[in-house]
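Start counting the sequence shown at 1; every next residue gets the next number (the UniProt record's numbering). Here the structure is laid out as structure tokens; the discussion comes afterwards.
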Amino acid sequence: MAAMNMIDFQNCFIFILLCLFSRLCYSHFFKKPKDPRLHFDLPPSPPSLPIIGHLHLLLSVLLHRSLQKLSTKYGSILYLRVFRFPVVLISSASIAYEIFRAHDLNISYRGFTPTDDSLFAGSFSFISAPYGDYWKFMKKVLVTNVFGPQAHEQSRGVRADVLERFYGNLFDKAIKKQSVEICAEALKLSNSSICKMIMGRSCSEERFRALATELDVLTKKLFFANMLRAWFKKLVVSLFKRETTVISYRFDELLESILVEHEKKLDVHHQRTDLMDALLAAYRDENAEYKITRNHIKSIIADLLFAGTENQVQTIQWAMAEMINNPNVLERLRGEIDSVVGKSRLIQETDLPKLPYLQDVVKETIRLHPPGPFFLRFTKEGCRIRGFYVPENTSVVVNVYAVMRDPDAWEDPLVFKPERFLASSRAEQEEERREKEIKYLPFGSGRRSCPGENLAYVIMGTAIGVMVQGFEWRTTEEKINMDEAVVGLSLTMAHPLKIIPVARTSNSLTSSLQKCL
Numbered sequence: 001m002a003a004m005n006m007i008d009f010q011n012c013f014i015f016i017l018l019c020l021f022s023r024l025c026y027s028h029f030f031k032k033p034k035d036p037r038l039h040f041d042l043p044p045s046p047p048s049l050p051i052i053g054h055l056h057l058l059l060s061v062l063l064h065r066s067l068q069k070l071s072t073k074y075g076s077i078l079y080l081r082v083f084r085f086p087v088v089l090i091s092s093a094s095i096a097y098e099i100f101r102a103h104d105l106n107i108s109y110r111g112f113t114p115t116d117d118s119l120f121a122g123s124f125s126f127i128s129a130p131y132g133d134y135w136k137f138m139k140k141v142l143v144t145n146v147f148g149p150q151a152h153e154q155s156r157g158v159r160a161d162v163l164e165r166f167y168g169n170l171f172d173k174a175i176k177k178q179s180v181e182i183c184a185e186a187l188k189l190s191n192s193s194i195c196k197m198i199m200g201r202s203c204s205e206e207r208f209r210a211l212a213t214e215l216d217v218l219t220k221k222l223f224f225a226n227m228l229r230a231w232f233k234k235l236v237v238s239l240f241k242r243e244t245t246v247i248s249y250r251f252d253e254l255l256e257s258i259l260v261e262h263e264k265k266l267d268v269h270h271q272r273t274d275l276m277d278a279l280l281a282a283y284r285d286e287n288a289e290y291k292i293t294r295n296h297i298k299s300i301i302a303d304l305l306f307a308g309t310e311n312q313v314q315t316i317q318w319a320m321a322e323m324i325n326n327p328n329v330l331e332r333l334r335g336e337i338d339s340v341v342g343k344s345r346l347i348q349e350t351d352l353p354k355l356p357y358l359q360d361v362v363k364e365t366i367r368l369h370p371p372g373p374f375f376l377r378f379t380k381e382g383c384r385i386r387g388f389y390v391p392e393n394t395s396v397v398v399n400v401y402a403v404m405r406d407p408d409a410w411e412d413p414l415v416f417k418p419e420r421f422l423a424s425s426r427a428e429q430e431e432e433r434r435e436k437e438i439k440y441l442p443f444g445s446g447r448r449s450c451p452g453e454n455l456a457y458v459i460m461g462t463a464i465g466v467m468v469q470g471f472e473w474r475t476t477e478e479k480i481n482m483d484e485a486v487v488g489l490s491l492t493m494a495h496p497l498k499i500i501p502v503a504r505t506s507n508s509l510t511s512s513l514q515k516c517l
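Structural data, given as structure tokens:
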């Protein structure tokens, strides 16, 4: 009898659990919420499927292109639904400008990332941190020690040394008639520049890149969960809990070792010179404006190493591919560099203001191939955009790829044409500045825009300048394959660019560079 009662109890318990689970599924998937269109004028919406809404439209390998086609068919501002969760898609330059101009503070929130409680450093990340005291404090520290004019000037010698090594590596390969994988060489340049600027030392590139590759794959898996909320987000994250924990542990172990090593060199005779020194000083200061932890320090270093270097690397690769496919652009740029810099020394950062076409090649490359094809923000409060109502806590996705190929904003948007950025007079330069604010968004806009924009332009500009000034480039293909791929959340070339350098001078220019420093 006791055994039968136990079986009945177990069956009853299982039945209750099934009822609760069924009720939960019905509530979140089948039961339709009150249609907000009865009260608010939402943006237009494409046809959706039962239960999943528009989820099937977000599962493309090249999501930026799929959403661009969607906006071309249904409109430049769209209301999408993933299960019950709202997403507003922006694909127009003018609408993107409007939301950053009129709703900047309201969309300065990136929401709670799906990795807050599990992925490395989680909510300590500067990039994904909510707009508030911590974010403001960290931005001030970054501007003061890395991105500001004074810090920029102080670290110029570090970048010049790295640039010389970059040129030297290419020159050695030219002598040996070896091909160069542009992405790999650009990664060494960018990684070394950032590491030496923020830590005063080189990093273990192999360990960082191996972890970064794994993180990219995981980030892509978790991207869509970041547009969801509450229990469903936690459910998605739990599916990758073990993978997340392993990667997080390895990241933390690597960055903690770097932090400990840096602490060991601090003594009474050590003068604060880099970002790591400033962060450790703030960490130890009981009266600091904002009390940071070791996780804060490790997280900001990771943000700079991965977000910063990846964007620069992809832009350098795309720029070289575009110029090889457009030899007229390559020859025009080489002529400008030869005229301003000459052939007896290597290009320097101080040459960049006198090389407008080089700057425009970089800008045009980023316009056509933005490293990050999306911005994801959340509305803190309900607002109106172009007369449509966007509810609070709505995911706002700006398709940067589509915005910078918007035919209403750009003439010949699919053509690589750097001269579109040239201005012939001071009045036109001012007009272009205002126009750029409207339609050129590679580094974001408003208060959440990337604080490292100027530094990125310097590193990318000098790297591209060195490759054009110092070498002719040969390829085994008639045309470079420009097919796209998305690794993690970064837009890259599906076929990494491999080309053969031919030195334009028989002697290396690096000795000439040293004499100029």
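In this text, a Cβ means the ideal position worked out from N, Cα and C, and glycines have one as well.
Three-state secondary structure (DSSP) of Ser395:
Residue mapping note: residue 395 aligns to position 395 of the sequence shown, counting from 1. Three-state result, Ser395: strand.
Whole-number beta carbon distance between Arg377 and Ile107, since they are thought to touch under 8 Å
Taking the first residue of the sequence shown as 1, we reach residue 107 at position 107. Taking the first residue of the sequence shown as 1, we reach residue 377 at position 377. Rounded, the Cβ-Cβ distance is 4 Å, consistent with contact.
Beta-carbon proximity check, Asn311 vs Gly372, cutoff 8 Å
As a first step, residue 311 is located in the sequence shown; it is residue number 311 there, counting from the start. As a first step, residue 372 is located in the sequence shown; it is residue number 372 there, counting from the start. Yes. Within cutoff.
Runs of alpha helix (DSSP H) wholly within the stretch 345 to 385 (minimum 4 residues, chain order)
List check, alpha helix (DSSP H) in window: 356 to 368.
Use the C-beta contact count for Ser192: other C-beta atoms within 10 angstroms, 16 or more gives buried, fewer gives exposed.
In the sequence shown, the residue the question calls residue 192 occupies position 192. The residue in question, Ser192, is buried, as its Cβ has 16 or more Cβ neighbours within 10 Å.
Tell me whether the beta-carbon of Tyr401 lies closer than 8 Å to the beta-carbon of His64.
Stepping through the sequence shown from its first residue, residue 401 is reached at position 401. Stepping through the sequence shown from its first residue, residue 64 is reached at position 64. Result yes, Cβ atoms of Tyr401 and His64 sit closer than 8 Å.
Between which two residues does the alpha helix (DSSP H) containing Phe306 stretch?
To locate residue 306, count along the sequence shown from 1; it is residue 306. Looking at the DSSP string, Phe306 is not in any alpha helix (DSSP H), and its letter there is neither H nor E.
Counting pairs of Cβ atoms below 8 Å between the stretch 173 to 180 and the stretch 492 to 501, do you hit three or more?
yes
For Ala503, does the three-state DSSP call read helix, strand or coil?
Counting from one through the sequence shown, the residue named residue 503 turns up at place 503. Strand at Ala503.
With DSSP as the reference, please indicate the residues paired to Tyr109 in a beta bridge.
Looking up residue 109 in the sequence shown gives position 109. According to DSSP, which records beta bridges pairwise, Tyr109 is partnered with Phe378.
Going by DSSP in three states, Leu422 sits in which element: helix, strand or coil?
For the purposes of this step, residue 422 is identified with residue 422 of the sequence shown, where counting begins at 1. Leu422: coil per DSSP, three-state reduction.
Do Leu333 and Val468 have their C-beta atoms within less than 8 Å of each other?
On the sequence shown, residue 333 is found 333 positions in, with the first residue counted as 1. On the sequence shown, residue 468 is found 468 positions in, with the first residue counted as 1. Cβ distance < 8 Å, so Leu333 and Val468 count as in contact.
C-alpha distance - Ile347 paired with Leu509, whole-angstrom precision:
Along the sequence shown, one-based indexing puts residue 347 at 347. Along the sequence shown, one-based indexing puts residue 509 at 509. Looking at the two C-alpha atoms, the distance is approximately 9 Å.
What is the C-beta distance between Leu187 and Phe471, in whole angstroms, given that I count them as a contact (C-beta under 8 Å)?
Position 187 of the sequence shown, counted from the first residue, corresponds to residue 187. Position 471 of the sequence shown, counted from the first residue, corresponds to residue 471. Contact flag wrong, Cβ pair sits at about 18 Å.
Considering only their Cβ atoms, is the gap separating Gly157 from Asp274 smaller than 8 Å?
As a position in the sequence shown, residue 274 is number 274, starting the count at 1. As a position in the sequence shown, residue 157 is number 157, starting the count at 1. It is not a contact, given that the beta carbons lie outside the stated cut-off.
Cβ-based neighbour list, Thr492, same chain, cut-off 7 Å, excluding 5 preceding and 5 following
Indexing the sequence shown from 1 puts residue 492 at position 492. Same-chain partners within the cutoff: Gln314 and Ala485.
Based on the DSSP output, what are the partners of Val390 in its beta bridges?
The residue labelled residue 390 in the question sits at position 390 within the sequence shown. DSSP, once it has assigned bridges, lists Cys383 as partnering Val390.
Which residues in the same chain have their Cβ closer than 7 Å to the Cβ of Pro474, if we skip the five residues on either side of it in sequence?
Position 474 of the sequence shown, counted from the first residue, corresponds to residue 474. Per the sequence shown, residue 474 should be read as Arg rather than Pro. Within the same chain, Arg474 has close Cβ partners Ile499, Ile500 and Val502.
Give the straight-line distance between the Cα atoms of Ala282 and Val146, rounded to the nearest whole angstrom.
As a position in the sequence shown, residue 282 is number 282, starting the count at 1. As a position in the sequence shown, residue 146 is number 146, starting the count at 1. Inter-residue distance for Ala282 and Val146 is about 15 Å (C-alpha atoms, whole angstroms).
Counting beta carbon pairs with one atom in the stretch 446 to 460 and one in the stretch 133 to 149, are three or more of them shorter than 8 Å?
yes
Close beta carbons around Lys139, own chain, < 8 Å, minus the five adjacent residues each side:
For this step, residue 139 is matched to residue 139 along the sequence shown. So the qualifying residues of the chain are Phe126 and Pro451.
Taking the Cβ atom as the reference point for each residue, do Tyr74 and Pro46 lie within a distance shorter than 8 Å?
In the sequence shown, the residue the question calls residue 74 occupies position 74. In the sequence shown, the residue the question calls residue 46 occupies position 46. For Tyr74 and Pro46, yes; Cβs fall inside 8 Å.
Segment contact flag, the stretch 292 to 312 with the stretch 392 to 401, C-beta cutoff 8 Å, min 3 pairs:
no
The alpha helix (DSSP H) spanning Asp141 covers which residue range?
Working through the sequence shown from its first residue, we reach residue 141 at position 141. Just to set this straight, residue 141 is Val in the shown sequence, not Asp. Start and end: Asp133 to Leu142.
I'd like the span of the alpha helix (DSSP H) that includes Leu255, first residue to last.
Position 255 of the sequence shown, counted from the first residue, corresponds to residue 255. Per DSSP, Leu255 belongs to the alpha helix (DSSP H) from Lys241 to Lys264.
For Ala485, three-class secondary structure by DSSP
Residue numbering aside, residue 485 sits at position 485 when the sequence shown is read from its first letter. In the three-state scheme derived from DSSP, where H, G and I count as helix and E and B as strand, Ala485 is classed as strand.
In this structure, does DSSP put Ser128 in helix, strand or coil?
For the purposes of this step, residue 128 is identified with residue 128 of the sequence shown, where counting begins at 1. Correct three-state label for Ser128: coil.
Cβ separation of Pro43 and Phe388, assumed to be a contact under 8 Å, to the nearest whole Å:
Locating residue 43 in the sequence shown gives position 43, counting from the first residue. Locating residue 388 in the sequence shown gives position 388, counting from the first residue. Right, their Cβ atoms sit about 4 Å apart.
Among Leu254, Leu280, Glu253 and Asp252, which one has its Cα closest to the Cα of Lys265?
Residue numbering aside, residue 265 sits at position 265 when the sequence shown is read from its first letter. Out of Leu254, Leu280, Glu253 and Asp252, Leu280 has the C-alpha closest to the C-alpha of Lys265.
Measure from the alpha carbon of Leu489 to the alpha carbon of each residue in Arg405, Phe421 and Pro370, then state which is nearest.
As a working note, residue 489 is residue 489 in the sequence shown. Selected option, being the one with the closest Cα: Pro370.
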